[in-house]
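> One structure follows; several queries about it will come next.
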Amino acid sequence: MSDAIIRTENLTKEYGRGATLTRALRGVDLEIPRGSFTCIVGPSGHGKSTLMHLIGALDRPSGGSVHIDGQEIAGLGEKALAALRAEKIGFVFQFFNLLQNLTARENIETALMLAGVGEARQRQRADELLALVQLAEKADAKPGQLSGGQQQRVAIARALANDPPVLLMDEPTGNLDSSAEAEVMAVLEELNRQGKTVILVTHSGEIAARANHLVRVRDGLLEGP
Ligand code: ADP
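Here this note's numbering is used: the first residue of the sequence shown is 390, the next is one more, and so on.
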C-alpha cells in the first residue's frame, strides 16, 4: 500500500442546484504521496481551487471521500474538522494576509498563540520559524517594510506554527516577480527536503516543472500523466 498523506475516492463537489448546478469535481481519485512536492495544474475554472479546499478540509464533499493523514473527513463535526485542519494543514494564500500593524515576529506569535503554544515559548518559536524561512533579521519589521517575497516567507513561517505535515498553497507566488518567486520556491524546496509535504496550485509551467508529483485537473476530473 502506498503512503499517501492525502487520498480521495470518487470525490465530487457540486455548487448550486437546478439550472445553476455546477459540477466542479466529477469523481476524483487522488493520492498525494507523503513527502512529495506536488503541483496541481489545469485551466482556470476547471476545479483546482475546489479540490484544494476539499483536501485542506476547508469544505465538505458532495460525494466520495477525503482522507487526510489516514482520517476520513466526512464523518467529522465542525469542531473535529477544524482540529484536524489545524493539526495537519498549513495554508498559504496568494495575498499574504498578514496583520499590517504587527511585526513579522508578532504575526507568527499570534498564530502560535492560536495554536495553543504558551506565551513563554512563543517568542523563541517565532524566531526559530523566521530563521527557517531565512528572515531572522526581519523579525521586527512590519509587512509594509518587507518585499513581497519576504512577506510571503513570513506567511509561510506563520503557516508552520502548528508544525503541520502538509503545506497547502493557492498560487503562493502568483503575486510576485520572478526573483521573489525564486526566494519563495527555495524556501519551499528546503521545507520539502526537511520532510514537509508541499502541495501548490499553480498556473506557472516553470513551477510545475519542479514538482515531483503533478496533478492535472481538467473539467472536474484528473488527467493521466
Ligand atoms: P479553478 O481553481 O480551476 O479556477 P474552481 O475550483 O475555482 O476552478 O471552480 C470550478 C467550477 O466551480 C467553476 O465553474 C466555478 O465557477 C465553480 N465554483 C467554484 N466555487 C463556487 C462557488 N462557491 N459557488 C458556485 N460555483 C463555484
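We treat Cβ as the ideally placed atom computed from N, Cα and C, and that holds for glycine. Remember, it's a predicted structure, so these values are computed and weren't measured experimentally.
Report buried or exposed for A369, applying the criterion of at least 16 other Cβ atoms within 10 angstroms of its Cβ.
Since the displayed the chain opens at 390 and closes at 614, residue 369 lies outside it and no answer follows.
> On the three-state DSSP scale, how would you describe E560?
If DSSP states are grouped into helix, strand and coil, E560 belongs with coil.
> Taking 8 Å as the line, does the beta carbon of T562 fall inside it for any heavy atom of ligand 1?
Not so, every heavy atom of ligand 1 lies at least 8 Å from the Cβ.
> May I have the straight-line CA-CA distance separating V417 from K527, to the nearest angstrom?
Each residue's Cα considered, the two are about 42 Å apart.
> Between the C-alpha atoms of K585 and T427, what's the straight-line distance to the nearest angstrom?
If you take the alpha carbons of K585 and T427, they lie about 11 Å apart.
> When you measure from the CB of V555 to every non-hydrogen atom of ligand 1, does any distance come out below 8 Å?
No, the Cβ of V555 stays beyond 8 Å of every heavy atom of ligand 1.
> Using three-state DSSP, classify M390 as helix, strand or coil.
Residue placement at M390 cannot be trusted, given a pLDDT of 47 that sits under 50; what the coordinates show is reported in the next sentence. Coil.
> Between the beta-carbon of K477 and the beta-carbon of L443, is there less than 9 Å?
The answer is no: Cβ separation not under 9 Å.
> Please find out if some non-hydrogen atom of ligand 1 comes closer than 8 Å to the beta-carbon of H602.
It does not: the Cβ of H602 is nowhere closer than 8 Å to a heavy atom of ligand 1.
> Pick out the complete beta strand (DSSP E) segments inside the region 404–437, 3 residues or longer, and give them in chain order.
Within the region 404–437, the complete beta strand (DSSP E) runs of at least 3 residues are 411–422, 426–430.
> In the DSSP output, which residue or residues are listed as bridge partners for T439?
For T439, which the question treats as bridged, DSSP gives no partner whatsoever.
> Within the continuous alpha helix (DSSP H) that includes S567, where are the two ends?
That run of the alpha helix (DSSP H) goes 567–582.
> Got a list of residues with beta-carbon closer than 6 Å to any non-hydrogen atom of ligand 1, in chain order?
Answer in sequence order: Y404, G405, T411, A413, G431, S433, G434, H435, G436, K437, S438, T439.
> Whose C-alpha, out of Y404, T397, R415, Q511, is nearest the C-alpha of D608?
With distances taken between Cα atoms, D608 lies closest to R415.
> Any idea which residues DSSP pairs E398 with across the strands?
S454, per the DSSP bridge assignment.
> Determine, using beta carbons only, whether L524 and V543 come nearer to each other than 9 Å.
Contact flag set, yes.
> Flag this pair as touching only if the region 532–541 and the region 454–464 have three or more C-beta atom pairs under 8 Å; answer yes or no.
Judged by Cβ distances under 8 Å, the region 532–541 makes no contact with the region 454–464, as fewer than three pairs qualify.
> Classify M441: buried if its beta carbon has 16 or more other beta carbons within 10 angstroms, exposed otherwise.
With 16 or more other Cβ atoms within 10 Å, it is buried.
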